[in-house]
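Q: One structure is given below, represented as structure tokens, and several questions about it will come after.
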Amino acid sequence: TRLEDRVTEVGAKCVSVLVYETLPALGLPLMQVPSFLQLQTLERGGGIMPHIDSVTPRAECVATVGLVSSCQIRVGPVLLEINEGDLYILTGSARWEVKHEVLPPLSDRMSLTIRFNPE
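Heads up: the sequence shown runs through residues 116 to 234, numbered per our numbering.
Below you can see the structure in the form of structure tokens.
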């Protein structure tokens with residue numbers, strides 16, 4: 116379908132930009148091909164409760180791009196507005212020591228989450 120084609124196209128672009136541009140620009144080590152890809156939908160009003168990431172599946176860096184609709188995420192005390200096409204990355208203490216959550220969106224939301232391991 117058109118949506119699946121769009122998700123595949125966006126996912127491929129995200130992986131390429133993340134691996135070769137964004138992560139090195141942030142001083143993070145060059146990452147391998149993603150170890151985990153997740154296309155996630157949240158229905159309006161459904162969120163992801165505050166949590167600290169599990170060590171499995173293993174990933175030093177988790178990047179999420181908003182595909183459909185906007186939402187707010189909270190990382191510790193920081194509240195971020197994530198719109199379609201926005202990318203956010205969790206690594207280090209933001210991933211392993213600070214609770215983070217996706218607040219319930221006002222409309223159905225779709226995102227692509229990519230986990231990376233160092234080479």
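Cβ coordinates follow ideal geometry from the N, Cα and C atoms, glycine included. In this text the structure is predicted, and so the values were computed from the model without any measurement.
(1) I need the straight-line Cα distance from Gly161 to Ile188, nearest angstrom please.
(2) For Arg210, which residues from the same chain have a beta carbon less than 7 Å from its beta carbon, with the 5 sequence-adjacent residues on both sides left out?
(3) Whole angstroms is fine: what's the gap from Pro220's alpha carbon to Leu182's?
(4) For Glu199, which three-state DSSP category applies?
(5) Span of the alpha helix (DSSP H) holding Arg210?
A: So, to answer that:
(1) In the sequence shown, the residue the question calls residue 161 occupies position 46. In the sequence shown, the residue the question calls residue 188 occupies position 73. Distance between the alpha carbons of Gly161 and Ile188 is about 13 Å.
(2) Within the sequence shown, residue 210 is the residue found at index 95, counting from 1. Here the set comprises Asp168 and Val177.
(3) Sequence index remark: in the sequence shown, residue 220 carries index 105 (1-based). Sequence index remark: in the sequence shown, residue 182 carries index 67 (1-based). Answer to the nearest angstrom: the Cα atoms are 13 Å apart.
(4) On the sequence shown, residue 199 is found 84 positions in, with the first residue counted as 1. Looking at Glu199 - three-state DSSP - the assignment turns out to be coil, as it is neither helix nor strand.
(5) What you label residue 210 is simply residue 95 of the sequence shown in a count that begins at 1. Start and end: Ser208 to Trp211.
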